Every structure is written in C-alpha cells, then in structure tokens.
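When we follow my numbering, the leftmost residue of the sequence shown carries the number 71, and every step to the right adds one.
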Amino acid sequence: MNTEHTLKEIEELQLRCEQYEGISLKLNWDMLEHTTEAGGTEWLVTYEEDQLVGFIGLYGFGGSMEVCGMVRPGFRRRGIFTSLWERAQKKIRQRNISELLLNAPAASASGAGFLKSLPLVFGHAEYQMKWEPSAALQGPGEASSAAGTVSLRPAREDEASILIKLDSSGFDMTEEEAAEIFKEQSLEALQEHIIIELNGQPAGKMRLWSDNNETWIYGLTVDKDLRGLGIGRSALQQTIDRERRNYNGVNLEVSLDNPNALKLYESCGFVIVNRQDYYRYTGSL
C-alpha cells in the first residue's frame, strides 16, 4: 500500500489542492511514510481517469485518531470524499479509540463545507509556525539557562521510559497512552528523539523530523519542576542554530490554548504561517 509511487501521487495532489485554495494541508508526512504494523497510520485513495483524485488519512495517536483528506479540484461535488469517509469509518470501527478528530485548514472553504454535514463540535486549533531570522528577538542560541548548562543529545534506546514519562506529564496523557504513541513513532524514518539535559541530567525532550530541507519540532516539553528557567528557550535556540548550519528550515506547531508556548516561540523568531482546526466527531461509528 505504501508504495513510493503512490506517495508521490499524494504529494502532487496535496500541492494541487493547496495551490488551488491557498491553504496548507496537514497530512502528517512523518507518519504517512511508514507502514501500519503498529496500527498508527492508514490511508485510502480514489482514482479516476488514471489519476489520483481523492485521499483520506487516518492517524492514530494512542487512544485518539485524527482524520484529514482532500479531493482534486475539478472532481469535487461528486461524492468522492463522502465515499472515502464511508470507507474510512469501516477502518475506524476496527480501532479502539476514545476520540475522533477531523482536521481541516481554517482557510479551506471546501473543508468547511464537508465538515458542516457531519455531527461535530469544535475541539481546538493549532498554529503552524516557521522560524524567520528577521523575527528573532535574540541572537544565536546559548547553551545556558538560569539554572545551569543546557545540552542536547540523541536519546538512547534504553531511555524510552524517560521520554514516555516526560510526554505523559507534559501533554496530559496516561503513561500507557504515551507508550503507545512512542511505539507508533518508533517506526518513523528521518527522525530523532532528543533528550534535553540540564547540568548533565535529563530535563526535557523533543522529537525532530527532517525531510526536503525542512525540520519539524514535535513534542517539546520540559520537566514540570524545571520550567521557567529558560531550558526550553535554550533548547529551541540550539536546535535553530543546528538546523541553520544544515541549511534546513525550522517549523513547529502550537495549540491556541497554550499562549505561554506561543509567546516563547514568537520571541525565538517563529511566525504563524497557517492555522489548523480540529473538530471532535460526536456521531456513532
């Protein structure tokens, strides 16, 4: 299913839809490009006239699932996405999920039209942000904070429990949910799990995914007992410096419900480029 040719077709369809509506679709390419043995990601497609015209992605995150899709301009209003959604529901029923979220760019008129036909309530929104040198309020990153020396290193295989505990504490989930998400993420290529150390001891973590000269920062969190000391800021600035040396752009996402993080990211030079809206499905599956 996850053939290189089909993935290239999905990428072309994404570009066509984005250009047509002036939007940015969140297809979670870090998850899309790996197989589904762990039950994390599945996708369905529709072809007409020997070209890909419809796509829907199902992304598992522990006990929740996110759904995002698209239909080629010129083939819309023909029931293609409705058919994909019906097929997707059969897949979703096979999963033991507690929450189903449908995602669409806030600026997508076609997405809004389809979502109005479903039993949904607004869940939350995220900003997608990109680092711009002209927006940075500070100079190069410093390996220090109010509490001491901050350093970054790749996580070792025997440190999964540290990453899981930090995710559980930082993102309000059980350790079981965090462990399941970590298992799914472990299949992904082109990524690094990073331990943030303070004076040589684990103080936080993040995950970096890089492709096509763009790096995304995911899951950045600092131990609750060590927040407010500049550890996250130092980790961000060191990451920005490293990726700049590698000629990579730097991107991240932040919930609108997290104004402190948004303020931090903006002060480090990140600017908002897109908004993604998430709606919670309230119907039966």
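Positions of the beta carbon are idealized from the N, C-alpha and C atoms, including for glycine. Owing to the predicted nature of the structure, the values given are computational and were not obtained by experimental measurement.
{"Check": "Since leucine 236 contacts lysine 275 with CB under 8 angstroms, what's their CB separation in whole angstroms?", "Outcome": "5 angstroms"}
{"Check": "Can you tell me whether DSSP reads cysteine 338 as helix, strand or coil?", "Outcome": "coil"}
{"Check": "From the DSSP secondary-structure annotation, give me the bridge partner or partners of valine 320.", "Outcome": "Thr285"}
{"Check": "Going by DSSP, what residue range makes up the beta strand (DSSP E) through arginine 223?", "Outcome": "218–224"}
{"Check": "Which residue's Cα is closest to the Cα of arginine 277: Ile266, Glu118, Gly139?", "Outcome": "Ile266"}
{"Check": "From which residue to which residue does the beta strand (DSSP E) around isoleucine 264 run?", "Outcome": "261–268"}
{"Check": "Determine, using beta carbons only, whether leucine 268 and isoleucine 301 come nearer to each other than 9 angstroms.", "Outcome": "yes"}
{"Check": "Report the CB separation of serine 204 from serine 168 in whole angstroms; it is logged as a contact under 8 angstroms.", "Outcome": "The Cβ separation is near 43 angstroms, so there is no contact."}
{"Check": "For leucine 171 and valine 191, I'd like the C-alpha separation in whole angstroms.", "Outcome": "10 angstroms"}
{"Check": "Determine the DSSP secondary structure at lysine 96, reduced to helix, strand or coil.", "Outcome": "coil"}
{"Check": "Is there contact here, the segment 176–185 with the segment 322–339, by at least three beta-carbon pairs under 8 angstroms?", "Outcome": "no"}
{"Check": "State yes or no: is the C-beta of isoleucine 287 within less than 9 angstroms of the C-beta of asparagine 316?", "Outcome": "no"}
{"Check": "Closest by CA to alanine 273, which one among Ser94, Ala206, Asn98, Gly218?", "Outcome": "Gly218"}
{"Check": "Taking 9 angstroms as the threshold (C-beta atoms), are leucine 260 and aspartate 100 in contact?", "Outcome": "yes"}
{"Check": "Over what stretch of residues does the alpha helix (DSSP H) that includes phenylalanine 252 continue unbroken?", "Outcome": "245–255"}
{"Check": "Relative to the C-alpha of methionine 140, which candidate in Ser337, Gln89, Ile126, Ser304 has its C-alpha closest?", "Outcome": "Ile126"}
{"Check": "In angstroms with no decimal places, state the Cα-to-Cα distance between glycine 132 and glutamate 246.", "Outcome": "8 angstroms"}
{"Check": "Output the boundary residues of the beta strand (DSSP E) element that contains leucine 114.", "Outcome": "111–118"}
{"Check": "Thinking just about the alpha-carbon of each residue, which of Ala182, Arg142, Leu296 is nearest to the one in glutamate 119?", "Outcome": "Arg142"}
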